[in-house]
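Report on the following structure.
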């Protein structure tokens, strides 16, 4: 049950961050006042982003990571996932969008989703480290040098 809940929470968080980035991109593109003519393209984009970006992030294994151990390899996968997802969305918009769609939203969304997802991972890691290494902690700090991925498993 815990594993399923963690997986569901991870997918829902990813979905929320992707959609938040899309909405923010639309608001930035239209100076925080989305015109009536852009409401249907926005609704279409919300559905398209969910269909493309969330499964792409799952293919890259982003749902399997524990946010409190967010690290450089996770950031690399995040960049690759967001790049492929944004290219997939751009392709879908070019081929299948029945509305006039602002291309700048795709570019803004790419940078915003990168910022939001990497920021969320970094924030969770900082909070987890801060919680485990308080000022009054009696734990002995240990440096593991040259252990690579095997050293991570000791943590």
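Residue numbers (this note's numbering): 117 to 271. A virtual CB, placed ideally from N, CA and C, is assigned to each residue, including glycine. None of these values were measured; they are calculated from a predicted model.
Between the region 211 to 225 and the region 140 to 147 there are three or more inter-stretch CB-CB distances shorter than 8 Å, so the stretches are counted as touching. The beta-carbon distance between residue 164 and residue 208, rounded to whole angstroms, is 6 Å. This is short enough to meet the 8 Å contact definition. In its chain, beyond the 5 residues on either side, 172, 173, 176, 178 have a beta carbon closer than 7 Å to the beta carbon of residue 197. Distance check between residue 185 and each of 256, 260, 245 places 245 closest, using alpha-carbon atoms only. Annotated three-state conformation of residue 125 is helix, per DSSP. By the neighbour-count criterion, in which a residue is buried when 16 or more other Cβ atoms sit within 10 angstroms of its Cβ, residue 237 is buried. 9 Å or more divides the Cβ of residue 128 from the Cβ of residue 229. DSSP, reduced to helix, strand and coil, places residue 150 outside both helices and strands of the structure shown, so it counts as coil.
Take residue 242, set aside five residues on each side of it, and no residue of its chain has a beta-carbon closer than 8 Å to its own. DSSP places residue 262 in no alpha helix (DSSP H); its state is neither H nor E.
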